[in-house]
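Numbering (the numbering used here), first residue to last: 1 to 321. Everything below concerns the one structure shown next.
And the structure:
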């Protein structure tokens with residue numbers, strides 16, 4: 001048996017080891033397993049076997065196995081080229097995020113929408129939860145801005161003093177004084193840029209529950225530490241917006257040939273990449289994407305300028321857009 005790659009071989013062995021029953025669903029073989037969370041689906045194309053994980057019992061609640069696998073159409077089918085359509089290509093999924101009519105629409109979208117996406121990803125990176133490479137981070141790295149550098153230094157000092165304050169049992173007052181001094185500086189910067197402070201470790205960049213910043217009582221109202229990563233992400237976004245024309249030119253200058261994971265070729269701009277999981281790419285003109293997965297070569301026509309989100313089937317995480 002010839003597998004698409006080694007991970008599909010391993011999945012096949014797992015499926016067979018955990019197999020309870022199997023049955024045909026369209027062109028696929030469904031493997032019901034003893035695992036409480038996952039079953040498997042086995043497909044074959046041009047002699048290459050691929051094995052996809054699937055949520056347990058999804059097929060019992062869905063009329064279409066494709067929906068269980070996370071896409072709307074298989075690439076061999078006729079499908080409409082419109083936003084939110086998801087196309088399955090072997091063990092990859094291509095989601096059409098945005099379709100444009102002209103270049104002006106592309107530029108307006110980047111300035112008015114894509115920077116918001118970047119701000120959320122920037123926050124996730126500052127929190128240390130995820131890592132993205134994209135033109136936004138590159139552009140920020142090139143900025144030599146005194147306030148941004150000051151926030152970084154204050155944030156590090158603030159977190160360090162907070163750690164000491166958390167473990168200080170006796171006579172915490174001197175440490176509290178240092179803590180409040182740094183906190184005051186952070187509050188001044190937030191007011192300077194007219195950004196609202198978040199407190200504690202925010203799961204979302206913009207929480208629905210906020211503490212009022214009434215100037216007369218701000219110190220009394222703070223019950224949790226300032227979320228310095230949220231503050232930094234917001235101000236970094238403001239710095240990019242202040243230079244939006246420069247940022248737009250910088251991003252558009254990134255256009256060129258790409259080869260995602262050595263499998264998907266085209267010409268456009270990598271808007272961001274989460275290593276080994278997913279890529280967002282902007283195609284500024286109609287073209288054919290050349291796809292070569294495990295030696296199986298295909299082409300997909302992109303009829304209009306578009307933003308595509310491309311993910312591996314094993315990459316269950318994705319940023320909400």
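By construction, the Cβ of each residue, glycine as well, lies at the ideal position given by its N, Cα and C atoms.
{"Item": "Three or more C-beta pairs under 8 Å: does that hold for the region 223-232 against the region 115-126?", "Value": "yes"}
{"Item": "What beta strand (DSSP E) runs, 3 residues minimum, are completely inside the region 77-120?", "Value": "86-89, 92-99"}
{"Item": "Would you mind reading off the limits of the alpha helix (DSSP H) that contains residue 242?", "Value": "228-242"}
{"Item": "Between the alpha carbons of residue 173 and residue 179, how many angstroms are there, rounded?", "Value": "10 Å"}
{"Item": "In terms of DSSP beta bridges, what is residue 293 paired with?", "Value": "296"}
{"Item": "Does residue 283 come out as helix, strand or coil in the three-state DSSP assignment?", "Value": "strand"}
{"Item": "In terms of alpha-carbon separation, which member of 197, 265, 116, 11 lies closest to residue 225?", "Value": "197"}
{"Item": "Would you report the Cα separation of residue 85 and residue 72, rounded to the nearest angstrom?", "Value": "6 Å"}
{"Item": "Flag this pair as yes or no: are the beta carbons of residue 8 and residue 51 separated by less than 7 Å?", "Value": "yes"}
{"Item": "Here's a check: name, in chain order, each residue in its chain whose Cβ is nearer than 7 Å to the Cβ of residue 107, leaving out the five neighbours to either side.", "Value": "248"}
{"Item": "Would you mind stating whether residue 310 and residue 94 have Cβ atoms separated by less than 7 Å?", "Value": "yes"}
{"Item": "So residue 16 is in the alpha helix (DSSP H); what residue range does that whole segment cover?", "Value": "6-18"}
{"Item": "Assign residue 286 to one of two classes, buried (16 or more other C-beta atoms within 10 Å of its C-beta) or exposed (fewer than that).", "Value": "exposed"}
{"Item": "Near residue 264, what residues of its chain come up, given a Cβ to Cβ distance below 7 Å and the 5 sequence neighbours on each side ignored?", "Value": "289, 291, 310"}
{"Item": "Quick one: which unbroken alpha helix (DSSP H) runs of 4-plus residues sit fully inside the region 128-162? Chain order, please.", "Value": "135-142"}
{"Item": "Identify every residue that forms a DSSP beta bridge with residue 24.", "Value": "29"}
{"Item": "With DSSP as the reference, label residue 39 as helix, strand or coil.", "Value": "strand"}
{"Item": "With DSSP collapsed to three states, give me the class of residue 3.", "Value": "strand"}
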